[in-house]
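This report refers to the structure that appears directly beneath it.
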Amino acid sequence: MAFTGSVIVEVTCTDCTAELEHCHGTLIVHDDGVVDCTEQDCSDRDLARHPLLLNCVDENPDCGCAQSQQQDGFSLAS
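Our numbering puts the first residue of the sequence shown at 4, with every later residue one more than the last.
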């Protein structure tokens, strides 16, 4: 027997419900220390405000920051 009805699921953000300062965007962390957020209106790029973190090379393997951290064929520690 197949289900033919519809299901409505309401998802609420626990941080929004608790009125905590946070961001729904993903923070992209670059090897050179720069951070970007995928949320266009994000004004505070603090790690504590972003539950989702991504290394820039995971998003863009050709990111210029990774290339700028290399010198004479060796990767520099950051």
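Just so you know, even glycine gets a beta-carbon here, dropped at the ideal spot from N, CA and C.
Distance between beta carbons of cysteine 26 and aspartate 53, contact taken as under 8 Å: On the sequence shown, residue 53 is found 50 positions in, with the first residue counted as 1. On the sequence shown, residue 26 is found 23 positions in, with the first residue counted as 1. The amino acid at residue 53 is misidentified as aspartate; the sequence shows histidine. Contact annotation, histidine 53 with cysteine 26: C-beta distance approximately 5 Å; criterion of less than 8 Å satisfied.
Rounded C-alpha distance that separates histidine 33 from serine 46: The count along the sequence shown starts at 1 and reaches residue 33 at position 30. The count along the sequence shown starts at 1 and reaches residue 46 at position 43. Whole-angstrom Cα-Cα distance: 18 Å.
CB contact flag (glutamate 62, isoleucine 31, <8 Å): Position 59 of the sequence shown holds residue 62. Position 28 of the sequence shown holds residue 31. Judged by their CB atoms, glutamate 62 and isoleucine 31 are nearer to each other than the 8 Å cut-off.
Three-state secondary structure assigned by DSSP to threonine 20: Sequence index remark: in the sequence shown, residue 20 carries index 17 (1-based). Three-state result, threonine 20: helix.
Spatial distance of aspartate 39 from threonine 7 (CA atoms): Within the sequence shown, numbered from 1, the residue matching residue 39 stands at position 36. Within the sequence shown, numbered from 1, the residue matching residue 7 stands at position 4. Their Cα atoms are separated by approximately 43 Å.
Cβ shell of arginine 48 (< 7 Å), same chain only, five flanking positions each side left out: Counting from 1 along the sequence shown, the entry for residue 48 is found at position 45. So the qualifying residues of the chain are Leu30, Val38, Cys40.
beta-carbon asparagine 58 near the ligand FAD non-hydrogen atom, thresh 7 Å: As for the ligand FAD, it is missing from this structure, which has no ligand bound.
Nonlocal neighbours in the same chain, by C-beta distance under 7 Å from glutamate 24, ignoring five residues either side: Residue numbering aside, residue 24 sits at position 21 when the sequence shown is read from its first letter. Closer than 7 Å at Cβ, skipping near neighbours: Arg52.
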